[in-house]
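The working numbering numbers the first residue of the sequence shown as 253 and each following residue consecutively.
Presented below is the structure to which this report refers.
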Amino acid sequence: MSKELLTELNKQVATWSVMYAKLHNYHWYVKGREFFTLHAKFEELYNEATLHMDEIAERMLTLGGEPAAALREHLELSVVQEATGSESAEQMVKSVVDDFNAIMESLKHGMKLAAEDGDDMTEDLLNATYQSVEKHQWMLNAFLGEDNK
Numbered sequence: 253m254s255k256e257l258l259t260e261l262n263k264q265v266a267t268w269s270v271m272y273a274k275l276h277n278y279h280w281y282v283k284g285r286e287f288f289t290l291h292a293k294f295e296e297l298y299n300e301a302t303l304h305m306d307e308i309a310e311r312m313l314t315l316g317g318e319p320a321a322a323l324r325e326h327l328e329l330s331v332v333q334e335a336t337g338s339e340s341a342e343q344m345v346k347s348v349v350d351d352f353n354a355i356m357e358s359l360k361h362g363m364k365l366a367a368e369d370g371d372d373m374t375e376d377l378l379n380a381t382y383q384s385v386e387k388h389q390w391m392l393n394a395f396l397g398e399d400n401k
């Protein structure tokens with residue numbers, strides 16, 4: 253297990269922690285005509301964020317790594333930023349789409365590192381996470397009326 257892969261996995265743990273808080277913020281504070289749709293979607297996404305964070309952290313522990321567990325560390329390591337608290341419903345969705353782009357780039361890098369290490373299990377875990385995020389991103393882009401390019 254390379255140190256570089258453990259660093260990338262820690263970025264994922266931290267990122268999913270920040271996404272959990274951000275999505276929870278959006279779930280609580282979304283307003284407007286799309287409230288019912290987005291309120292439910294953000295709940296689905298923050299529940300999934302928890303699962304991703306836990307699976308990746310447990311994989312790290314299995315490999316002898318030490319996942320970041322403090323909020324301060326999560327904010328420092330995350331590839332996404334927390335919510336500002338002033339986003340409109342559309343801005344919330346656009347922010348999540350942008351965050352998913354950053355997360356997918358990190359996941360791709362992690363898959364490459366895992367492949368180089370010959371760690372098929374970690375590569376599979378990151379690939380499954382990638383596929384889930386990619387599907388959500390496609391749906392959110394469709395919600396926004398945008399192509400997924």
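Cβ coordinates follow ideal geometry from the N, Cα and C atoms, glycine included.
No experiment lies behind these values; they were computed from the predicted model shown.
Would you say residue i and residue j are within 8 Å of each other, going by their C-beta atoms?
i, j, result
"M363", "N379", "yes"
"A301", "W268", "yes"
"L261", "R311", "yes"
Judging by CA-CA distance, which residue of the options is the nearest neighbour of residue i?
i, options, result
"M373", "L315, K274, H279 and F288", "L315"
"A354", "L258, E296 and A266", "A266"
"L303", "G370, G317, L377 and W280", "L377"
"K274", "K346, E375, A366 and A367", "K346"
"E357", "V332, G370 and N299", "V332"
"F294", "M305, Y281 and D306", "Y281"
"A341", "Q389, F287, E318 and E334", "F287"
If you draw a straight line from the C-alpha of residue i to the C-alpha of residue j, how long is it?
i, j, result
"T289", "F395", "10 Å"
"D350", "G397", "15 Å"
"K255", "A292", "38 Å"
"M253", "G284", "48 Å"
"Y382", "L359", "6 Å"
"L258", "E328", "16 Å"
"S330", "Q264", "7 Å"
"Q343", "Q389", "14 Å"
Within the continuous alpha helix (DSSP H) that includes residue i, where are the two ends?
i, result
"M344", "A341 to D369"
"L323", "L323 to L329"
"L315", "No alpha helix (DSSP H) contains L315, which DSSP labels as neither H nor E."
Less than 7 Å separating the Cβ of residue i from some heavy atom of the ligand FMN?
i, result
"K360", "The ligand FMN is not among the ligands present in this structure, which contains no ligands whatsoever."
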